[in-house]
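Working notes, structure below.
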Amino acid sequence: MALRLYNKEGTELFMESKFPCIVDNIINEPIHENIICIDSHLGKGYYKEIYFDGIHMDFWVLSLAKDTFFYFESDYENVEMLFSLKGKNTIFSNNFVSNISFESNHHNIIYANEVNGKIKWESKDLQLFKINFNPNIFKRFLPNEKLFYNFRNCIEKGKSGTFSPYNYCINLQMYTIIEEIIECKKIGLYKKMFLESKIIELLLLQLEQFTDQGNYSFTLKKRDIDKIYAVREIIMKNLNKNISLIELAHLVGTNEFMLKKGFKELFGTTVFKFWNDAKMEQARSMLIQENMNIKEISYFMGYKNQRHFASAFKRKFGFPPSHLNNIYRNI
Numbered sequence: 020m021a022l023r024l025y026n027k028e029g030t031e032l033f034m035e036s037k038f039p040c041i042v043d044n045i046i047n048e049p050i051h052e053n054i055i056c057i058d059s060h061l062g063k064g065y066y067k068e069i070y071f072d073g074i075h076m077d078f079w080v081l082s083l084a085k086d087t088f089f090y091f092e093s094d095y096e097n098v099e100m101l102f103s104l105k106g107k108n109t110i111f112s113n114n115f116v117s118n119i120s121f122e123s124n125h126h127n128i129i130y131a132n133e134v135n136g137k138i139k140w141e142s143k144d145l146q147l148f149k150i151n152f153n154p155n156i157f158k159r160f161l162p163n164e165k166l167f168y169n170f171r172n173c174i175e176k177g178k179s180g181t182f183s184p185y186n187y188c189i190n191l192q193m194y195t196i197i198e199e200i201i202e203c204k205k206i207g208l209y210k211k212m213f214l215e216s217k218i219i220e221l222l223l224l225q226l227e228q229f230t231d232q233g234n235y236s237f238t239l240k241k242r243d244i245d246k247i248y249a250v251r252e253i254i255m256k257n258l259n260k261n262i263s264l265i266e267l268a269h270l271v272g273t274n275e276f277m278l279k280k281g282f283k284e285l286f287g288t289t290v291f292k293f294w295n296d297a298k299m300e301q302a303r304s305m306l307i308q309e310n311m312n313i314k315e316i317s318y319f320m321g322y323k324n325q326r327h328f329a330s331a332f333k334r335k336f337g338f339p340p341s342h343l344n345n346i347y348r349n350i
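The structure is reproduced here in structure tokens:
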């Protein structure tokens, strides 16, 4: 049981991924991880997968030579939480009522039953994060409410479709969880427990957005939303630097007012609160997972004064970094 991607003529296999845990619904199996390097004239990159207990996660990072059509086929049914982190892709398949298109920073949930067709990747750089469920497992998490009846009926009748007729923006909490899943360094049972909790948390956020669809609207235009997401990406790549709001705005081609207003509307927080929270989250991760002391982490995060770093850490988490440092050094 597998998903296969071919060139648009269907003559050259681009990549293949097998989904034994989705089909066989094996429970209490060890966690499996795999990375497939992709090096083709069509594109380069990698595909990372993690699977266990009827759940399969995959993360795609691709750089394509040009806009590309692929032919795809699958011989199993699954429910997929799809997060388009970067790039645009469109699915053309007679298995669905209409074409399914994803822009950068959007998500939806899809039920697919032995689908085949063509997919067009329309951006040079593409990043996708997906969580695939055995349908019987997914239905356990689906609330027994009227809003979810149509999607549940699709699954029970074997009719491929999307949860929502339109896609939703990936919010700040979703991005944080996706990054925690991708970067998780735990192993064995602890990793499985961590991933299970994060998957449920991520699904909860999706379902909450779907439930609140009546209030789902932005005053921002699409080009402004793209700029706000670009600012977030700049921040995440420069946590240890100091960049002013004006500089950030100019880097993405907007002004300070629009940046402040748009960031608050899209992510529900200010630019600098998000920046500081992201710094502290990374500092906490470094304390737990890496062999670095507080002084080294303080310097790495761009603080000239260690006490200023300790104060910022305590404001975020309610305890100083030394408390966390002592706990994990004694384990």
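Residue numbers (the numbering used here): 20 to 350. Every residue, glycine too, gets a C-beta built ideally from N, C-alpha and C. Computed from a prediction, not measured in an experiment: that's the story for all the values here.
Asked	Found
Pair within 9 Å by beta-carbon distance, I156 and I110	no
Per DSSP, the bridge partner or partners of Q146	V80, K105
Outcome for C56 when other beta-carbon atoms lying within 10 angstroms are tallied against a minimum of 16	exposed
Whole-angstrom distance between I129 and N153, CA atom to CA atom	12 Å
Enclosing beta strand (DSSP E) for L32 [first to last residue]	32 to 37
Close-in-space but distant-in-sequence residues of the same chain around F182 (CB under 7 Å, 5 per side omitted)	N127, I128, F170, F229
Span of the alpha helix (DSSP H), counted from its first residue to its last, around C173	168 to 176
Three-state class that DSSP yields for E122 in the structure shown	coil
Alpha carbon of R242 to alpha carbon of L343, nearest angstrom	42 Å
Test item: CB-CB of E52 and E68 under 9 Å	yes
Opposing strand residues paired with T181 [DSSP bridges]	I129
Distance, F102 Cα to N124 Cα	7 Å
Beta-carbon spacing of L147, G106 below 9 Å	yes
G180, buried or exposed, once every other Cβ within 10 Å from all chains shown has been counted against 16	buried
For D58: DSSP bridge partner residues	K63
Per-residue DSSP class, three states only, for T87	strand
Euclidean distance between Cα positions of N261 and M320	10 Å
Contact set for F88: own chain, Cβ-Cβ below 6 Å, skip 5 residues either direction	K27, K137, K139
Coil, strand or helix - V98 by DSSP	strand
Residue span of the alpha helix (DSSP H) that contains K241, given as start and end	241 to 256
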